[in-house]
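Protein chains in written order, with the numbering used here: chain E, 1 to 431; chain R, 1001 to 1431.
Quick reminder that beta carbons are idealized off the backbone N, C-alpha and C, glycines included.
Reviewing the structure listed below.
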């Protein structure tokens, strides 16, 4: 039974107990959220690790994408990125490899990872086709489903499947006069496949086949947003909304089949549209967990898109996004290196935490309270420990000439906390 | 005549012409905004540089704080920070020096700067007192006003004055049971002065004297938020709002006296309270330009508070903040070094730009359009040029193994833009 089927049947699984304990919520309530499809626990039955939940009432989770490309591939480097991502706070890692020995890379990552692992199976399926000197549209349906099945067997916890790229949604896209067309790798490969073969997307047409495979391994489906806007000019156009409606329908079918499902979201979105996008997804997709990439509220942040993404991500999480896919400083420019991975995870973590404060997550408020109490006491040790990135906070504190005093070099003797305490310690205004 | 007096009298000054041209707006409209107190042009009559405007209908401006501290002071380093801040996009720089030869440092910065310069005169006034082995409360009113006068004479364009720290607002603060008390350096020094001397804040009680000095040099007053929250737990409490009401009254008095005025704002503020804070300030202060520090929507970002500040700043600007004071990665930990200054300015610039998109600033949308069009063409040269930080974007692009191809190492042969173009170039779905 999948986690969803167990929840519907009223059974609290070991995974639910673990998640409920780590989130400090009632396991019964968690079970009900899972049964309603508002929470998922992405965990393949064949993959051993400590599971986490994604969805309503839980802390906002963050994902880090890693993976090789044909011009840059080294398994050890990817495992290092995985370690760095997890130690910086990633709750999930996606292996998006497209270069080198793909099976060996995925197996190494699954074996090494203490967190849930996601993939985009079309990448591997298409890479194999290209390696055999065939063209993308020559991939067969059987090859695609066989790749998905093999990833289920390997232990992948969640997969991105671009089921919303259909003949219908592509026609709508054609009429949209977009600035950027399609910017989803998987989505565009399927688009080409559909056009060249003059056939419907197998991930849509044979969705029941996909559900069967996903159910067998309790692989969570992450319904990809192949039509996500790649520019703020394209946000929430007819194409994006058409795909969302299709994903909403497929989410309902997934739940009916006992398959856990989340929805992927944009993309480039102007700040003022982010909250509305979150509410629309909740309505259209029956509150299925929303997994957003960014969003990026400007197109010109290249080199600092982890910051752009953190701005969008914080607003998204505050308005109900459940799962943030990180964006690194390398976004739009190059494959992220290990430092980019770290910067990306930290920026996402800040966004998720700010979202959690708005969601009223008690553990998040507790952290801020601890920090402010320590700051008031000028207790530097606790401040460093409580910082979202203790390692960097310590490094910056250590470069201060005042590091052995209780103040910092910023204010020195003009420390406001000390001055105010002096002012209020021995006299009151209303004496 | 000050810019405000000129505007009221119907005269369009050279400074207004320069600002109107750079903002691409009608000089007459700008003159009216200045006359109404919704826009200021902080420019001392004795300081020569190309002026910028701050306020309604204009691009969001950003300020970088620099300055020595007693344990870290080197004028050349500060001038280097100034250069780096300006080349990264700062519209204003505040000299917050408290160590070394204060007059010489300020004079060097004023002489060297191509942008408006602000200060917090109480820092220098108090530093002189401490240097003479006296205690802070021993500073005389005459010394404080003489320092302000001397800074006006030196050519300072805007000054932070904590006029809202009064016996009344301090009584309210005492009743608030704050997590962090007072975290404003200038505010806490005045609080101690008030308590120890059992007298009213001279900057409040003798506000007319302050107005006289400011008017003589057309020094813009930046009414400081001495009671800004230093923890998200303290945001928008009775103390903060009491001070805001006092500042609103003083803003009206400033305008009546022909003195340009802006209002300073928080501080640490939960994400969900930022928009409301902006609207409240606009109402209470007659739409005087709002100059915000951050805001920081979490307390635990130490080491990455430039990101925390960019999240809050973007939302603040989108909701009407006119001027963002940068926050650097060193915030809460140490005096920022030159790299921190650069990171802080870039993060603020991203926030300001995202705010400008929401404000409907045409030049901001033009930049995003240019970037997306270049991205669509895979025109890397234009993408690098259009990025908010071209220098870093180029560095990251250059580390990519695919830098000499038209794609990037992230997607390589799976470039979505190319795939989608291939798919749509020779066949249509509705053929």
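Check	Outcome
Residues, ordered as in the chain, of the segment 88-120 of chain E that lie near chain R by beta-carbon distance below 8 angstroms	98, 99
Three-way DSSP call (helix, strand, coil) for residue 1065 of chain R in this model	strand
Best match in R/1183, R/1169, R/1220, R/1176 for proximity to residue 1195 of chain R [C-alpha to C-alpha]	R/1169
Residues that residue 389 of chain E contacts on chain R, provided the C-beta gap is smaller than 7 angstroms	1303, 1304
Close Cβ partners of residue 193 of chain E (< 7 angstroms) along its chain, the five nearest in sequence each way excluded	136, 137, 139
Same chain, Cβ closer than 7 angstroms to residue 31 of chain E, five either side skipped, listed in chain order	7, 12, 16
Closer than 7 angstroms at the beta carbon, the chain R residues around residue 402 of chain E	1071
Contact set between residue 334 of chain E and chain R, taken where Cβ atoms lie within less than 7 angstroms	1396, 1397, 1399, 1400, 1408, 1409, 1410
Residue 1184 of chain R at chain E interface by Cβ criterion, 8 angstroms	yes
Sheet register partners of residue 1095 of chain R (DSSP bridge)	R/1066, R/1119
Residue 10 of chain E classed as buried or exposed, judged by whether at least 16 other C-beta atoms fall within 10 angstroms	exposed
Test item: CB-CB of residue 957 of chain R and residue 1165 of chain R under 8 angstroms	This structure gives no information on residue 957 of chain R, because the portion of chain R shown stretches from 1001 to 1431.
Proximal residues to residue 354 of chain E (C-beta, below 6 angstroms), its chain only, five neighbours per side dropped	314
Spatially closest choice to residue 272 of chain E from E/238, E/232, E/242, by CA coordinates	E/232
Three-state secondary structure (DSSP) of residue 1160 of chain R	strand
Closer than 8 angstroms to chain E by CB, residue 1413 of chain R	yes
Proximity test, Cβ basis, 8 angstroms: residue 1195 of chain R and chain E	yes
Status (buried if at least 16 other CB within 10 Å, exposed otherwise) for residue 377 of chain E	exposed
Interface residues of chain E facing residue 1282 of chain R [CB-CB closer than 9 angstroms]	Ordered by position in chain E, no residue passes the 9 angstroms Cβ test against residue 1282 of chain R, which lies about 17 angstroms from the chain.
Cβ neighbours of residue 1240 of chain R in the same chain (closer than 8 angstroms, five flanking residues each side left out)	1225, 1227, 1228, 1229, 1234, 1266, 1267
Residue 251 of chain E versus residue 56 of chain E: straight-line alpha-carbon distance, rounded	16 angstroms
Residue 128 of chain E versus E/70, E/153, E/350, E/366, residue with shortest Cα-Cα distance	E/70
Beta carbon of residue 1190 of chain R nearer than 8 angstroms to that of residue 1201 of chain R	yes
Proximal chain E residues relative to residue 1181 of chain R, where beta-carbon distance stays under 9 angstroms	376, 416, 417, 420, 421, 424
Residue span of the beta strand (DSSP E) that contains residue 1265 of chain R, given as start and end	1261-1265
8 angstroms Cβ cut-off: residues of chain E touching residue 1123 of chain R	414
Between the CA atoms of residue 1317 of chain R and residue 1089 of chain R - distance to the nearest angstrom	16 angstroms
Residue 297 of chain E to residue 269 of chain E span [Cα, whole Å]	5 angstroms
Minimum Cβ-Cβ distance from residue 318 of chain E to chain R less than 8 angstroms	yes
Residue 179 of chain E CB to nearest heavy atom of the ligand MN below 7 angstroms	The ligand MN is absent from the structure shown, which contains no ligand whatsoever.
CB contact below 8 angstroms: residue 369 of chain E versus chain A	The chain inventory of the structure shown lacks chain A, comprising the protein chains E and R.
Residue 306 of chain E to residue 409 of chain E span [Cα, whole Å]	28 angstroms
When R/1368, R/1356, R/1112 are compared against residue 1084 of chain R, the one with the closest alpha-carbon	R/1112
Residue 1055 of chain R in three-state terms, based on DSSP	strand
Of the listed residues E/308, E/130, E/217, nearest to residue 1 of chain E (C-alpha basis)	E/217
Minimum length 4: unbroken alpha helix (DSSP H) runs contained in the segment 1160-1188 of chain R	1167-1174
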